[in-house]
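Here the structure is laid out as structure tokens; the discussion comes afterwards.
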Amino acid sequence: MAKTYKQDAPIPVTLVTGLLGSGKTTAIHRLLQQRPAGENWGLLINEFGEIGIDAATLDADSPWIEDVTGGCICCSAQFGYRQALQNLLQHPLDRILVEPTGLGHPAQVIDTLKQFQPHIRIAGVLLVITPQQLTPERWAKSAVMRDLVNLADTVLLNKTDLANDDDLRQAEQLLQQTYPPKEAILHTHLNAECNFPPGLVDFKQTQPAFTLLSGLHEHQQQTDTCTLPGESKLPHCLQRQVQTGHTTSVGWQFDANIQFNRVALKAFIEQQSDLIRAKGVLRTGNEWQLLNVVDGQIQWQDMAWRQDSRLELLFETASNNASNTFIDQLETALNTCLIDRS
Numbered sequence: 004m005a006k007t008y009k010q011d012a013p014i015p016v017t018l019v020t021g022l023l024g025s026g027k028t029t030a031i032h033r034l035l036q037q038r039p040a041g042e043n044w045g046l047l048i049n050e051f052g053e054i055g056i057d058a059a060t061l062d063a064d065s066p067w068i069e070d071v072t073g074g075c076i077c078c079s080a081q082f083g084y085r086q087a088l089q090n091l092l093q094h095p096l097d098r099i100l101v102e103p104t105g106l107g108h109p110a111q112v113i114d115t116l117k118q119f120q121p122h123i124r125i126a127g128v129l130l131v132i133t134p135q136q137l138t139p140e141r142w143a144k145s146a147v148m149r150d151l152v153n154l155a156d157t158v159l160l161n162k163t164d165l166a167n168d169d170d171l172r173q174a175e176q177l178l179q180q181t182y183p184p185k186e187a188i189l190h191t192h193l194n195a196e197c198n199f200p201p202g203l204v205d206f207k208q209t210q211p212a213f214t215l216l217s218g219l220h221e222h223q224q225q226t227d228t229c230t231l232p233g234e235s236k237l238p239h240c241l242q243r244q245v246q247t248g249h250t251t252s253v254g255w256q257f258d259a260n261i262q263f264n265r266v267a268l269k270a271f272i273e274q275q276s277d278l279i280r281a282k283g284v285l286r287t288g289n290e291w292q293l294l295n296v297v298d299g300q301i302q303w304q305d306m307a308w309r310q311d312s313r314l315e316l317l318f319e320t321a322s323n324n325a326s327n328t329f330i331d332q333l334e335t336a337l338n339t340c341l342i343d344r345s
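Throughout, this note's numbering is defined as the position within the sequence shown, counted from one, plus 3.
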């Protein structure tokens, strides 16, 4: 039986891409805050691990959120991606924002979107990246990053307040050399109040120029994962998920009665030598806070979330980081950060 959708005109879909820790979720938060009055925007969030954290942080911004976990929507989580799009198209929406995981590749995400035409139209690709990420060394090494930049229509060069003049100059030079040229390159620092220009998600380009993609094979290697079975030994842990491949993702979801000691958690994070990224929504007292760990820097932000606590760690995979022994040692150390308030 054919699927029926609610809207009469195609819904514009804006893809918001970026590497791990670039600030994609914060940018989406700003976009939702600044959307035109009276418009309904849907949101599709993809998280590499099984513990959904980004959707929880944006829960108050939009009632139409679909969260796809457990892999990249461009490959291993493709079925969930299609189902999430179908679910969103059941609502009378004015726009849909799609946020792939920081390990994702936008080309295959775009290919799937095309299959939903004419019910949607691809409005464009907004890339969030930092000058510290956009270096000549990383540009030469990472085919995935080159594809992210080349496929973007507009670039938010984010966290410019943390960059020095050389970082900014090198990043700008790389962006100016890309083809096709970008519609806009905007300097942002999203930790402060930031107002985007009107129409940021409405792009002028209607026919994308031909782009030679070189990062699809590299991306497939990075995201080829398997799930490690096993139950958590931590108190009041509702679920634990471990995925391993080129990277190892370990995530936990805790009962709302569990409180985290911030000092102990900081020490725990600083002890993880192979940690690439960490994020969580955690109860740290009577309140909940959003935890972000990017490039070794720990950031906290107050949250209205009260449902549970969630923590996800992403490691560069070495042989010991993919073992049950490593996970057990990780949980033993993490247990020292927990306070049972039941």
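Virtual Cβ for every residue (Gly too), placed ideally from N, Cα, C.
- In the structure shown, ALA187 adopts extended strand secondary structure according to DSSP, grouped into three states.
- A distance below 8 Å separates the beta carbons of ILE279 and LEU317.
- Of the other Cβ atoms in all chains shown, fewer than 16 fall within 10 Å of the Cβ of ASN327; this residue is therefore exposed.
- In the assembly as shown, GLN292 is a buried residue. Its beta-carbon has 16 or more other beta-carbons within 10 Å.
- In the structure shown, GLY26 adopts coil according to DSSP, grouped into three states.
- Taking a cut-off of 8 Å for Cβ pairs, the stretch 125-136 and the stretch 165-176 touch, as three or more such pairs fall below it.
- Residue environment: ASN49 is assigned as buried (16 or more neighbouring CB atoms within 10 Å of its CB, all protein chains considered).
- ASN161 sits buried, since 16 or more C-beta atoms from the chains shown fall within 10 Å of its C-beta.
- Remark: C-beta atoms of LEU47 and VAL101 approach each other more closely than 8 Å.
- Looking only at LEU23, ASN338, THR17, the smallest Cα-Cα distance to ASN295 is reached by LEU23.
- In terms of CA proximity to LEU241, GLY254 leads the group HIS249, GLY254, THR247, LEU231.
- The C-beta distance from GLY283 to ARG313 rounds to 6 Å, short enough to fall under 8 Å.
- Minimum Cα-Cα distance from GLN310 among the listed residues GLN300, ALA40, GLN256 corresponds to GLN256.
- When only Cα atoms are considered, LEU337 and GLN111 end up about 37 Å apart.
- Taking 3 residues as the shortest admissible run, the stretch 267-307 contains the following complete beta strand (DSSP E) segments, listed from N- to C-terminal end: 278-286, 291-297, 300-306.
- With respect to the C-alpha of VAL204, the residue from LEU91, GLN118, ALA126, GLN93 having the closest C-alpha is ALA126.
- Annotated three-state conformation of ARG309 is coil, per DSSP.
- Per DSSP, the unbroken alpha helix (DSSP H) holding THR328 starts and ends at 327-338.
- LEU154 has its alpha-carbon roughly 19 Å from the corresponding atom of GLN120.
- For LEU47, the secondary structure class from DSSP, reduced to helix, strand or coil, is strand.
- Approximately 10 Å separates the beta-carbon atoms of THR20 and VAL158; this is outside 8 Å, ruling out the contact.
- PRO66 and ARG286 have their C-alpha atoms spaced approximately 23 Å apart.
- Per the C-alpha coordinates, the member of PRO103, ALA40, LYS117, GLY41 positioned closest to VAL71 is PRO103.
- For VAL266, the number of other beta carbons within 10 angstroms of its own is below 16, and it is reported as exposed.
- Between the beta-carbon of GLN37 and that of PHE206 there is about 17 Å, and that puts the pair past the 8 Å contact cut.
- Between the alpha carbons of ASP331 and THR320 lies a distance of about 16 Å.
- Residue pairing of ASP11 in beta bridges, as defined by DSSP: absent, with no partner found.
- Just measuring C-alpha positions, the residue of PRO109, CYS340, THR163, TRP142 sitting nearest ASP156 is PRO109.
- A check of alpha carbon separations from LYS117 across TRP142, SER145, ARG85 identifies ARG85 as the nearest.
- If you draw a straight line from the Cα of LEU35 to the Cα of TRP44, it comes to about 8 Å.
- In this chain, ALA110 is not harboured by any beta strand (DSSP E); it is covered by the alpha helix (DSSP H) spanning 109-117.
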